[in-house]
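Note sheet for the following structure.
In our numbering, the protein residues as written are 4 to 960.
See below:
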């Protein structure tokens, strides 16, 4: 007689029944163990170990060699959903192929990042797609569909969206609170997540480190109220690394870890990423919370059920039925071609006065110069390169090495101290692999090399290439190409192939020494210690040598001798060539990355000098910027005949740039975020109110250096026959795009909407659709786009709902957000929403129309918002408050101590708030107030008052 399989092993049963069966077989301890990132095997049931979290932002990251695609912001710049879907598919296949060879590779991938690029100074801007929620969600939907696969039951990988919610600052990222008013929440931040979740290819989300409206994202009520309301499918919420502990250790939001863990689990966190692979601490906290009655087994089972449903979807229990189980597509010809195609499509032509494209057949000499001319930079979430192409490589291949002259432009320097010249000892051949080549579950733990001898001082100087990356941060590199780096033993060696690591060990700062003419100490940024020369070699000062104040450490005083300035080498190369390509940009590990925001939009001064030197020597100079974020290139844009930008383009970056410069490919990348002209145009990094402070192309009223959606072509296109018709809940929009130029090229048709006479502040225009299409010379294509009528709407704070105001809406078609070619108007019928019914609904304090000098805070640890003052001159404005036949009184719900000043009908009522018992102890205070009809209401807060709500008493009540 054949033994019947356990029900959870029976593929004929639906997943839900199988999960039910498995769940009831697991002991409580086994279920608790599954809530940690590294869930152990359950041998008695034949369950393998499982981990959440495989980084896969633009290729398989951290686990050794893989195909490296352009950075996420570069994929956003392609404006090509189908291309990004194919990239996602390739990445998902490589995850599967690597998993078959290395069981450390996980199938629950933490990608993509859908945080919006609200402020270009955000250090992690390279990880997002766009400042626009619609474009971000479109690219995210495409990428997750590729990662997920198209099988109706089994998933190729299980994508998790990062980072929920309103997360755009690395500065104080685990303690800062984003003040997000309801309109910004619903119209902007939530939308990027919502559309991707509703598309059905998302397995979960990761909460961000920050707080929103005073409440940590890891205990946010929005996980249940919003996220899980968007789909019937189970979603897994994975904590960010260390964030559960932050709730107590840095945020001090809870007194004990048991309380914090219980609150996270009950809010909706299912998997705890904390304390690395050591699960004992987190599981101990969960047991402690159970013992204290802060949790019950139902809370645990709910989370475990979600995790098991994901594991079933990944085919873990049905390997013979899993269509992706035998995937071996890794570093294939198709993947290499796709990496090149993606890199080509990401290139944005910012300016061209006719200098481009170049003609390789003309036999001209091209000078390739700049600090990134011979670089192929990676970021923290990159895999290890299998193939590598720098701009210099690409241009030599395309134009012929004998037609290329090269000058990097680094300053060549020597360092001298009392002990002699800084020297790099000769080193034998080392077989030590490139850092990270073997992969690591936690690459932050990878150590620097110690197999090479440390630097010394002597009679003969070693020449070093010095690069100033801005903000006083420099790198030093020896002639063979290795960067000076500090390993765990504290010695300085020429040992690193590139700057990198969680804490970069290859960056330094010069600090002038008072009383030493031309003397400087060399501060190692990674350790915060000074470099000193000792008998056994050059090293950073030992921890015991550190002191505070002006005598911070006894570092060696060095004098700098410049053998050659980089701009002189660049000028020589430029003068010897017919045309110059200056390649500038950033290193993605320096001055802007995870944990570090940028401080300015300015191009580093050394790179500014290089393009100026090149242009002075040869006016036929092109600036190609390879960077993870925008720069304020105001002078370059006014001076140079041609500018391009691309994000770090992965393994094929150099080949792609060369093909675009040569005209093999007409550029058609488009800017996914606004490029501002200067720092003065930016709001504060922690100002999340894009409406109030007029941020992003949606509300920015100034003139950008380059607008959202901008990008030029080697061809010309016309737009015609724009038509928009209402079809129930949809607008069906069509237009014709024609290539009127002489070359085949891509064009990105962009569709925007604008409310003609809005009742509240609305976007100047908002992207409603886009299509990238390829057209031969003279060819035309009809583009059909569908816009849900709901996308014309906004969040109505007066009534607490999404609404589409009746009236006229412009449908605009064009080549960028400011290059609008065609406009038509559609009219939406219906009744207007009307004024605020304050006698009926009252006023939630956060539902203001405008504010000054306030922030939104948490009303309670579990739910609700309140508003408090952050400046003496503060105000909350509520427009069109309808008091109907009149109000005779007001009731204020507030905590703290101070007063609430309410102004209506020209009269001000002061409502004193006596001290309450802490920030969550809300009391109601009543006062007389006479108002009638419809008018604006203004509130000013005094003291530490946290205002939650106001209600009114009607006449006769």
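Ideal Cβ positions, reconstructed from N, Cα and C, are used throughout, including at glycine.
For residue i, which of the options has the nearest alpha-carbon?
i: residue 831; options: 370, 161, 806 and 8; result: 806
i: residue 77; options: 20, 139 and 541; result: 139
i: residue 988; options: 755, 444 and 740; result: No information on residue 988 is available, as it lies outside the stretch 4 to 960 that the chain covers here.
i: residue 99; options: 144, 327, 210 and 161; result: 327
i: residue 913; options: 334, 928 and 133; result: 928
i: residue 510; options: 482, 475 and 700; result: 475
i: residue 21; options: 8, 118, 851 and 91; result: 8
i: residue 409; options: 209, 399 and 10; result: 399
i: residue 641; options: 633, 618, 656 and 924; result: 618
i: residue 470; options: 429, 613 and 536; result: 613
i: residue 792; options: 780, 821, 833 and 28; result: 833
i: residue 256; options: 293, 300, 325 and 179; result: 179
i: residue 496; options: 503, 473 and 428; result: 428
i: residue 888; options: 957, 841, 897 and 873; result: 957
i: residue 378; options: 367, 64, 392 and 388; result: 392
i: residue 917; options: 945, 243, 741 and 775; result: 945
i: residue 755; options: 788, 885, 232 and 319; result: 788
i: residue 542; options: 580, 491, 505 and 567; result: 491
i: residue 536; options: 419, 239 and 314; result: 419
i: residue 664; options: 578, 371 and 876; result: 371
Would you list the one or two residues that DSSP bridges to residue i?
i: residue 755; result: 770 and 815
i: residue 209; result: 165
i: residue 868; result: 861
i: residue 523; result: 515 and 561
i: residue 180; result: 214
i: residue 777; result: 749
i: residue 275; result: 39
i: residue 239; result: 207
i: residue 567; result: 415
i: residue 894; result: 929 and 954
Quick check: residue i and residue j, are their CB atoms within less than 8 Å of each other?
i: residue 80; j: residue 351; result: yes
i: residue 714; j: residue 349; result: no
i: residue 358; j: residue 644; result: yes
i: residue 727; j: residue 734; result: yes
i: residue 182; j: residue 704; result: no
i: residue 527; j: residue 515; result: no
i: residue 166; j: residue 211; result: yes
i: residue 317; j: residue 298; result: no
i: residue 130; j: residue 116; result: yes
i: residue 369; j: residue 406; result: yes
i: residue 430; j: residue 458; result: no
i: residue 970; j: residue 759; result: Coverage of the chain is limited to positions 4 through 960, which leaves residue 970 absent and any answer about it impossible.
i: residue 609; j: residue 558; result: no
i: residue 627; j: residue 606; result: no
i: residue 662; j: residue 401; result: yes
Is it buried or exposed for residue i, if we count other Cβ within 10 angstroms and need 16 for buried?
i: residue 951; result: buried
i: residue 552; result: Residue placement at residue 552 cannot be trusted, given a pLDDT of 36 that sits under 50; the coordinates are not used to answer.
i: residue 4; result: Here residue 4 scores only 45 on pLDDT, less than 50, and its place in the model is too uncertain to base an answer on.
i: residue 960; result: exposed
i: residue 654; result: buried
i: residue 68; result: buried
i: residue 203; result: exposed
i: residue 74; result: buried
i: residue 31; result: exposed
i: residue 104; result: exposed
i: residue 499; result: buried
i: residue 55; result: buried
i: residue 519; result: exposed
i: residue 282; result: buried
My understanding is that residue i touches residue j, with C-beta atoms under 8 Å, so please give their C-beta distance in whole angstroms.
i: residue 635; j: residue 681; result: 5 Å
i: residue 777; j: residue 752; result: No, residue 777 and residue 752 are not in contact; Cβ-Cβ is about 12 Å, not under 8 Å.
i: residue 289; j: residue 264; result: 6 Å
i: residue 126; j: residue 596; result: 5 Å
i: residue 208; j: residue 225; result: Actually they are not in contact, since the Cβ atoms of residue 208 and residue 225 sit about 10 Å apart, beyond 8 Å.
At the 8 Å Cβ level, is residue i part of the contact set with chain D, yes or no?
i: residue 617; result: No chain D is part of this structure, which consists of one protein chain only.
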